[in-house]
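full-length UniProt numbering numbers the first residue of the sequence shown as 1 and each following residue consecutively.
Ideal placement from N, C-alpha and C gives every residue a C-beta, glycine not left out.
Step one of this worksheet: look at the structure below.
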Amino acid sequence: MFETLSRKPNDPLLALIGLFDADPRPDKIDLGVGVYRDEAGHSPIFRAVKAAEHLIYETQNTKSYVAPEGDQTFLDLLWSLVGGHTATIHASGVQTPGGSGALRLAADLIRGTGTGKIWLGQPSWPNHAGIFSGAGLPVETYPFFDVASQTILVDSMINALERAEPGDAVLLHACCHNPSGAVLTADDWCRITAMIAARGLTPLIDLAYQGFGAGLDEDVAALRSIISAVPEALIAVSCSKSFGLYRERTGAVFAVASLQSASETARSNLVAIARASYSMPPDHGAAIVKTILCSPELCRDWSEELESMRHRLLALRKSFADALAGRWSNAVAIGSQEGMFSILPLSQTEVLKLREKHGIYIPTSGRINVAGLKRNDVARVASAIKGAVSS
Ligand code: PMP
């Protein structure tokens with residue numbers, strides 16, 4: 001059987017990590033990494049997560065399975081954080097292995113309706129295309145961001161979506177767009193929402209960075225207004241970044257509808273898909289999130305720590321944009337983008353030069369993780385980039 005298979009290439013980002021690890025230079029800098037890093041270069045465990053783990057260790061008395069839909073208290077608390085309290089919206093959730101698991105269940109659900117395609121922005125998180133095509137869903141694209149000018153292409157996006165048909169789904173990043181960091185204005189969101197509603201499209205909103213953009217509530221403001229303007233939506237939530245739970249694989253998918261019966265029917269399908277895929281979700285990360293969100297003290301400590309990470313990113317963005325000024329006319333945009341990522345308009349040759357000459361690791365897409373910078377590295381990285389681009 002295996003002889004019928006051809007070898008798949010390594011994921012380019014994982015391959016870059018391998019090259020970074022093998023580089024002996026002590027001052028090498030990894031800007032390719034996809035996790036939050038602090039000033040010491042660590043991806044920290046939140047204080048509230050450690051405290052919650054202690055409580056779970058003390059009190060948990062079984063490792064028996066959780067239900068295929070997961071823990072309802074976790075789902076209710078997570079939905080309050082994401083959706084707020086809108087009485088006219090019904091949200092039914094399923095706990096998933098990370099945001100990726102949530103996206104895959106959503107993809108399988110859309111595929112099961114037999115009608116829709118999924119529309120992805122260009123560029124988007126590279127794994128989106130893999131997840132949706134892996135579920136057998138036809139993938140279409142809409143222009144989203146121009147790297148050279150660092151601008152969002154809202155008009156082109158809306159024009160492209162004119163070709164979408166009722167029953168198609170449109171993937172949107174709720175905040176902190178990966179990979180561009182680009183921020184849609186309130187007016188952009190209004191135009192996108194109006195066109196989605198008018199054409200009978202279903203938004204699939206990917207929320208992977210709540211709290212890293214403008215704040216916990218601010219980062220879900222657009223999501224909340226879209227779901228109150230359309231009859232149905234799917235929300236894929238990742239707790240990987242917002243709670244620093246990457247390896248615990250924690251997330252949820254919510255079917256949102258103006259009719260309770262519609263959201264419950266959608267959830268029953270999501271549960272059936274989960275049951276047939278991996279049976280039950282992992283528990284530990286969801287138990288941690290539940291413990292934090294149940295406790296006002298832990299919740300305060302968690303949101304304060306998240307807020308300090310957000311401020312660190314904002315300060316790094318500002319000083320990096322200042323240090324790059326003059327290199328690109330639009331370098332200043334990096335300072336007003338949000339979240340961990342931005343894409344620099346670098347050629348493959350420039351990316352290689354930065355790696356070989358300066359030990360600065362950036363994927364060939366030019367996407368950088370701003371959290372991979374330390375305050376003291378900003379000037380060196382900016383001057384290496386300026387040198388690589390001009391020579
Ligand atoms: N969506 C986006 C935009 C992401 O960047 C990521 C993680 N890099 C995910 C979803 C999936 O996150 P998880 O690790 O929870 O599967």
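Determine, for residue i, whether the minimum Cβ-Cβ distance to residues of chain B falls below 8 Å.
i, result
"residue 146", "No chain B appears in this structure, which consists of one protein chain only."
Using beta-carbon positions only, say whether residue i and residue j come within less than 8 Å of one another.
i, j, result
"residue 280", "residue 66", "yes"
"residue 237", "residue 252", "yes"
"residue 95", "residue 286", "yes"
"residue 213", "residue 176", "yes"
"residue 343", "residue 320", "no"
"residue 317", "residue 337", "yes"
"residue 289", "residue 78", "yes"
"residue 131", "residue 100", "yes"
"residue 13", "residue 373", "no"
"residue 228", "residue 86", "yes"
"residue 69", "residue 271", "yes"
"residue 352", "residue 385", "no"
"residue 106", "residue 234", "yes"
"residue 180", "residue 211", "no"
"residue 387", "residue 27", "no"
"residue 119", "residue 161", "yes"
"residue 267", "residue 255", "yes"
"residue 249", "residue 84", "no"
"residue 19", "residue 278", "no"
"residue 135", "residue 104", "yes"
Look up residue i in the DSSP assignment and say whether it is helix, strand or coil.
i, result
"residue 58", "helix"
"residue 153", "coil"
"residue 79", "helix"
"residue 183", "coil"
"residue 66", "coil"
"residue 168", "coil"
"residue 141", "strand"
"residue 325", "strand"
"residue 207", "strand"
"residue 189", "helix"
"residue 334", "helix"
"residue 18", "helix"
"residue 105", "helix"
"residue 147", "coil"
"residue 90", "strand"
"residue 99", "helix"
"residue 73", "helix"
"residue 134", "helix"
"residue 128", "helix"
"residue 219", "helix"
"residue 397", "Here the chain has residues from 1 to 391 only, and residue 397 is not among them."
"residue 29", "strand"
Relative to the ligand PMP, is the shortest distance from any of its heavy atoms to the C-beta of residue i smaller than 7 Å?
i, result
"residue 178", "yes"
"residue 173", "yes"
"residue 392", "A query on residue 392 cannot be resolved here, the shown segment of the chain reaching from 1 to 391 and no further."
"residue 246", "yes"
"residue 184", "no"
"residue 100", "yes"
"residue 251", "yes"
"residue 81", "no"
"residue 189", "no"
"residue 34", "yes"
"residue 223", "no"
"residue 103", "yes"
"residue 119", "no"
"residue 268", "no"
"residue 401", "Examination of residue 401 is not possible in this model, given that the chain is present from 1 through 391 alone."
"residue 365", "no"
"residue 242", "no"
"residue 125", "yes"
"residue 92", "no"
"residue 329", "no"
"residue 342", "no"
"residue 238", "yes"
Exercise. Taking the runs of the alpha helix (DSSP H) that are 4 residues or longer, which of them lie wholly in the region 254-317?
Worked result: 260-277 and 284-294
For this session: Please confirm if the region 291-309 is in contact with the region 38-47, defined as three or more CB-CB distances below 8 Å between the two stretches.
Result: yes
Exercise. Do three or more CB pairs link the region 84-93 to the region 111-121 at distances below 8 Å?
Worked result: no
Exercise. Curious, which full-length beta strand (DSSP E) runs of at least 3 residues does the region 221-257 contain?
Worked result: 232-238 and 251-257
For this session: Assess, as a yes-or-no matter, whether the region 189-209 is touched by the region 165-173 under the definition of 3 or more beta carbon pairs within less than 8 Å.
Result: yes
Exercise. Are the region 153-161 and the region 183-195 in contact at 8 Å, needing three or more beta carbon pairs?
Worked result: yes
Problem set entry | Entirely enclosed alpha helix (DSSP H) segments - the region 342-384, minimum 4 residues | 348-358
Exercise. Is there contact here, the region 359-366 with the region 306-314, by at least three beta-carbon pairs under 8 Å?
Worked result: no
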